[in-house]
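This report concerns only the one structure given below.
Number of protein chains: 2
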Amino acid sequence: MSVAELVDGILNKKRRYLARLISLIEEEDYDAQEVLSQLYRHTGKAHVIGVTGPPGSGKSSLVTKLTAEFRKRSHTVGIICVDPSSPFTGGALLGDRIRMQEHYLDDEVYVRSMGTRGHLGGLSRATSDAVTAIDAFGKDIIFVETVGTGQSEVEVIDIAHTILVTDVPGSGDDIQASKAGIMEIADIFVVNKMDLPGADKKVTEINAMLDLDPREREWRPPVLLTNSRTGDGIPELVEKILEHYKHLTETGLLEKKGLQRSRDELDQLMKYKLTQELSHKLQGRPEYEEAIKLIAKRKKDPYSVAEELIAEFLFSESR
Amino acid sequence: MSVAELVDGILNKKRRYLARLISLIEEEDYDAQEVLSQLYRHTGKAHVIGVTGPPGSGKSSLVTKLTAEFRKRSHTVGIICVDPSSPFTGGALLGDRIRMQEHYLDDEVYVRSMGTRGHLGGLSRATSDAVTAIDAFGKDIIFVETVGTGQSEVEVIDIAHTILVTDVPGSGDDIQASKAGIMEIADIFVVNKMDLPGADKKVTEINAMLDLDPREREWRPPVLLTNSRTGDGIPELVEKILEHYKHLTETGLLEKKGLQRSRDELDQLMKYKLTQELSHKLQGRPEYEEAIKLIAKRKKDPYSVAEELIAEFLFSESR
Chain G
3 MSVAELVDGI LNKKRRYLAR LISLIEEEDY DAQEVLSQLY RHTGKAHVIG VTGPPGSGKS
63 SLVTKLTAEF RKRSHTVGII CVDPSSPFTG GALLGDRIRM QEHYLDDEVY VRSMGTRGHL
123 GGLSRATSDA VTAIDAFGKD IIFVETVGTG QSEVEVIDIA HTILVTDVPG SGDDIQASKA
183 GIMEIADIFV VNKMDLPGAD KKVTEINAML DLDPREREWR PPVLLTNSRT GDGIPELVEK
243 ILEHYKHLTE TGLLEKKGLQ RSRDELDQLM KYKLTQELSH KLQGRPEYEE AIKLIAKRKK
303 DPYSVAEELI AEFLFSESR
Chain H
3 MSVAELVDGI LNKKRRYLAR LISLIEEEDY DAQEVLSQLY RHTGKAHVIG VTGPPGSGKS
63 SLVTKLTAEF RKRSHTVGII CVDPSSPFTG GALLGDRIRM QEHYLDDEVY VRSMGTRGHL
123 GGLSRATSDA VTAIDAFGKD IIFVETVGTG QSEVEVIDIA HTILVTDVPG SGDDIQASKA
183 GIMEIADIFV VNKMDLPGAD KKVTEINAML DLDPREREWR PPVLLTNSRT GDGIPELVEK
243 ILEHYKHLTE TGLLEKKGLQ RSRDELDQLM KYKLTQELSH KLQGRPEYEE AIKLIAKRKK
303 DPYSVAEELI AEFLFSESR
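In the order they appear, the protein sequences are chains G and H.
When the count follows this note's numbering, it moves up by one through the first sequence with no breaks and lands on 321 for the last residue.
When the count follows this note's numbering, it moves up by one through the second sequence with no breaks and lands on 321 for the last residue.
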């Protein structure tokens with residue numbers, strides 16, 4: 003498929019073109035950049051919802067139930083499942099197919115898994131590009147769901163307008179601690195599996211923690227109870243998600259977030275392209291290979307050599 | 003402290019100078035680079051041992067016991083505890099102080115915690131620099147211990163000569179799966195808490211998995227049983243670690259690993275410096291700020307703008 007065909011196919015809502023573009027994104031194919039560049043002006047309409055929380059807190063089934071509820075309200079939905087701990091995408095994909103089978107025949111729902119290929123930084127880059135692609139494809143709601151709660155998840159989820167942090171009754175203190183970075187980014191807390199003992203206690207705990215937060219904020223993250231098996235609490239959660247989006251719009255925060263995302267995206271892309279170009283220039287050059295040997299022998303140090311090579315790279319470029 | 007004082011202090015084995023340097027590394031202070039550049043030729047002597055595995059597999063106590071055994075054999079030891087999921091270093095530090103109290107008064111053991119400040123890529127960069135600092139300080143053995151088993155841990159631990167992957171009896175299939183990336187990098191498997199039921203079964207499982215590995219290799223990772231509470235199996239593990247190092251030396255793999263690490267380090271540093279310089283150049287420039295606004299409004303796309311700004315950056319640099 004040519005760049006033009008891909009752009010056309012996606013704007014005409016052909017699923018296999020979207021699937022192909024996301025594969026190109028994952029493969030870091032240069033064409034993907036060109037397609038995304040042309041699709042970009044068709045984006046900015048989707049409401050991006052991040053979902054994170056500890057393993058076992060039912061994120062996947064929560065997203066499935068939320069999707070059903072959004073579909074009832076005639077919203078189209080895209081879902082990106084991100085697993086920073088997995089270098090594989092195939093396995094997760096199979097799992098998704100099984101769990102998402104209720105939506106699998108619904109043409110208005112698009113599901114895609116992404117794992118870490120190569121460097122971690124690449125995953126948040128690729129996820130961001132996949133959101134752009136699905137946004138251009140015309141989905142109203144885009145879920146970005148992660149498997150765990152590490153720092154890498156925070157980076158990946160950072161592109162969302164609304165962030166849900168899930169938890170379950172009775173989860174211990176060690177989980178609390180590991181979520182330190184996650185708590186701060188939550189827009190809505192979801193205590194899932196509300197039928198388990200200790201659900202109300204968990205709500206109280208999260209609220210107590212929010213009371214301790216010294217930051218002034220216009221939106222205090224609400225804490226909602228859900229059961230992603232039975233669907234209890236799901237309509238209320240959808241209402242709250244839409245309310246948050248309305249809040250973002252009315253307070254001008256949506257515009258502010260959009261500016262911040264544009265800044266982050268531009269910076270990320272510049273860094274990405276610059277280092278790609280640098281690698282390309284240096285690969286196989288004798289003075290580069292020689293320098294590596296001298297560093298290994300401790301005859302030179304990498305800090306000085308890096309300075310020298312960069313100066314040379316910047317200089318040679320302009321001629 | 004000046005750069006010269008720091009270099010002198012560290013080469014003269016003054017602990018507080020080492021502590022100060024690692025703080026500068028964490029703060030991404032420019033002086034740190036200068037100090038490391040001067041220290042670099044005094045490095046390359048330490049045996050770097052990575053320790054990773056699922057939470058609860060007793061990595062910390064294993065490292066504590068291994069440290070005691072190495073001290074018995076008159077090796078000096080440095081320990082870096084890395085927590086990619088935590089943006090904080092303070093909390094972990096307190097925990098380390100408690101658990102490492104048996105070594106706390108031993109001047110030949112240096113313990114340091116590192117968390118994620120800002121971007122994840124920064125953590126593997128900072129850990130690598132901290133290893134360089136402790137190596138120059140003269141420690142014979144440097145442990146790099148991580149809290150979890152994600153892709154970020156793989157990146158951080160990648161700098162080690164010998165990698166221990168810990169596990170415990172009875173851990174389930176889901177843990178197995180999440181360790182996919184970790185299994186491949188193991189030089190030695192340690193089934194800790196060998197007093198728990200199922201220890202032998204776990205050893206058999208890991209060996210069965212190794213049998214399935216199609217790669218030809220000169221070193222088949224051995225699977226050892228330990229009890230990091232009682233110390234059972236610890237001397238045997240130390241023997242195996244030293245044996246692995248000997249294997250690396252004799253087969254020329256140590257030199258090969260050294261070259262690879264030099265290459266990675268140089269590449270990482272160049273990327274780091276290049277993007278630092280780019281950020282510095284662009285910050286606050288009107289055309290950069292204007293471009294961000296146009297991207298947010300979808301009047302321009304970040305992919306093309308990134309190309310333009312980079313071309314300009316590379317050009318303006320040489321004049």
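All residues carry an ideal CB built from backbone N, CA and C; glycine is no exception.
Indicate the three-state DSSP secondary structure (helix, strand or coil) for residue i in the structure shown.
i, result
"Ser-230(H)", "coil"
"Ile-187(H)", "coil"
"Gly-117(H)", "strand"
"Ser-180(G)", "Because the pLDDT of Ser-180(G) is 47, which lies under 50, any placement of that residue in the model is unreliable, and the number read from its coordinates should be weighed accordingly. Correct three-state label for Ser-180(G): helix."
"Glu-147(G)", "strand"
"Ile-161(G)", "coil"
"Val-50(H)", "strand"
"Leu-166(H)", "strand"
"Asp-303(H)", "coil"
"Ala-308(H)", "helix"
"Asp-85(G)", "strand"
"Gly-124(G)", "helix"
"Arg-99(H)", "Here Arg-99(H) scores only 48 on pLDDT, less than 50, and its place in the model should not be relied on; the value that follows carries that caveat. Arg-99(H) falls in the helix class under three-state DSSP."
Excluding the five sequence neighbours on either side, which residues of its own chain have a C-beta within less than 7 Å of the C-beta of residue i, listed in chain order?
i, result
"Ser-55(H)", "According to the sequence shown, residue 55(H) is Gly rather than Ser. Lys-61, Thr-151, Val-167, Thr-168, Asp-169."
"Trp-71(H)", "Note that residue 71(H) is Glu in the sequence shown, not Trp. Same-chain partners within the cutoff: Ile-236, Pro-237, Val-240."
"Arg-336(H)", "As shown, chain H starts at 3 and ends at 321. That puts residue 336(H) outside it, with no answer to give."
"Glu-186(H)", "none"
Once you ignore the five residues that flank residue i on each side, which residues in its own chain have a CB closer than 8 Å to its CB?
i, result
"Ile-27(H)", "Ala-34, Leu-38, Ala-128, Asp-131, Ala-132, Ala-135"
"Asp-108(H)", "Arg-73"
"Lys-204(G)", "Asp-169, Val-170, Pro-171, Gly-172, Ser-173, Val-193"
"Leu-256(G)", "His-163, Tyr-247, Leu-250"
Below 8 Å between beta carbons: does that hold for residue i and residue j?
i, j, result
"Leu-198(G)", "Gly-233(G)", "no"
"Ile-165(G)", "Ala-188(G)", "yes"
"Asp-142(G)", "His-77(G)", "yes"
"Arg-243(H)", "Glu-147(H)", "The identity of residue 243(H) in the sequence shown is Ile, whereas the question assumes Arg. No, Cβ-Cβ distance for Ile-243(H) and Glu-147(H) is not below 8 Å."
"Val-5(H)", "Glu-36(H)", "yes"
"Ser-230(H)", "Leu-64(H)", "yes"
"Tyr-112(H)", "Arg-22(H)", "no"
"Leu-316(G)", "Leu-268(H)", "no"
"Leu-271(G)", "Tyr-305(H)", "yes"
"Asp-201(G)", "Leu-226(G)", "Rather than Asp, the amino acid found at residue 201(G) in this sequence is Ala. The answer is no: Cβ separation not under 8 Å."
"Val-156(G)", "Met-116(G)", "no"
"Val-50(H)", "Ile-184(H)", "no"
"Gly-140(G)", "Lys-302(G)", "no"
"Pro-223(G)", "Leu-212(G)", "yes"
"Glu-220(G)", "Thr-253(G)", "yes"
"Ile-325(H)", "Arg-217(G)", "Residue 325(H) is absent from the structure shown; chain H starts at 3 and stops at 321."
Leaving out five residues before and five after residue i in sequence, what residues of the same chain have Cβ atoms less than 6 Å from its Cβ?
i, result
"Gly-52(H)", "Val-146, Ile-159, Ala-162, Ile-165"
"Gly-11(H)", "Tyr-19"
"Val-149(G)", "Asp-85"
"Leu-8(G)", "Tyr-19, Leu-23, Val-37"
"Pro-67(G)", "Looking at the sequence shown, residue 67(G) is not Pro but Lys. Only Ser-230, Gly-233, Ile-236 meet the Cβ criterion."
Is there at least one non-hydrogen atom of the ligand ATP closer than 7 Å to the beta-carbon of residue i?
i, result
"Gly-60(G)", "Among the components modelled here there is no ligand, and therefore nothing to report on the ligand ATP."
Inset, instruction - Identify every run of the alpha helix (DSSP H) within the region 6-31 of chain H, keeping only runs that are complete inside it and at least 4 residues long; order them along the chain. - result: DSSP runs (the alpha helix (DSSP H)) wholly in the region 6-31 of chain H: 17-28.
Legend entry - Segment contact, 8 Å Cβ cut-off, at least three pairs: the region 244-260 of chain H with the region 279-292 of chain G: Under the Cβ criterion (8 Å, minimum of three pairs), the region 244-260 of chain H does not count as touching the region 279-292 of chain G.
Inset, instruction - Kindly confirm or deny that the region 205-214 of chain G and the region 185-197 of chain G touch, where touching means at least three C-beta pairs closer than 8 Å. - result: At 8 Å Cβ cutoff, the stretches touch.
Inset, instruction - Could you tell me whether the region 272-280 of chain G touches the region 270-277 of chain H, using the rule of 3 or more Cβ pairs below 8 Å? - result: Contact between the region 272-280 of chain G and the region 270-277 of chain H is present: three or more C-beta pairs spanning the two stretches fall below 8 Å.
Inset, instruction - Taking 8 Å as the threshold, find out whether the region 256-267 of chain G comes into contact with the region 297-312 of chain H through three or more Cβ pairs. - result: Touching, yes, given that three or more Cβ pairs across the two stretches are closer than 8 Å.
Inset, instruction - Go through the region 231-308 of chain G residue by residue and report every complete run of the alpha helix (DSSP H) that reaches 4 residues or more, in order. - result: With a minimum length of 4 residues, the continuous alpha helix (DSSP H) runs that stay inside the region 231-308 of chain G are 236-252, 255-284, 288-298.
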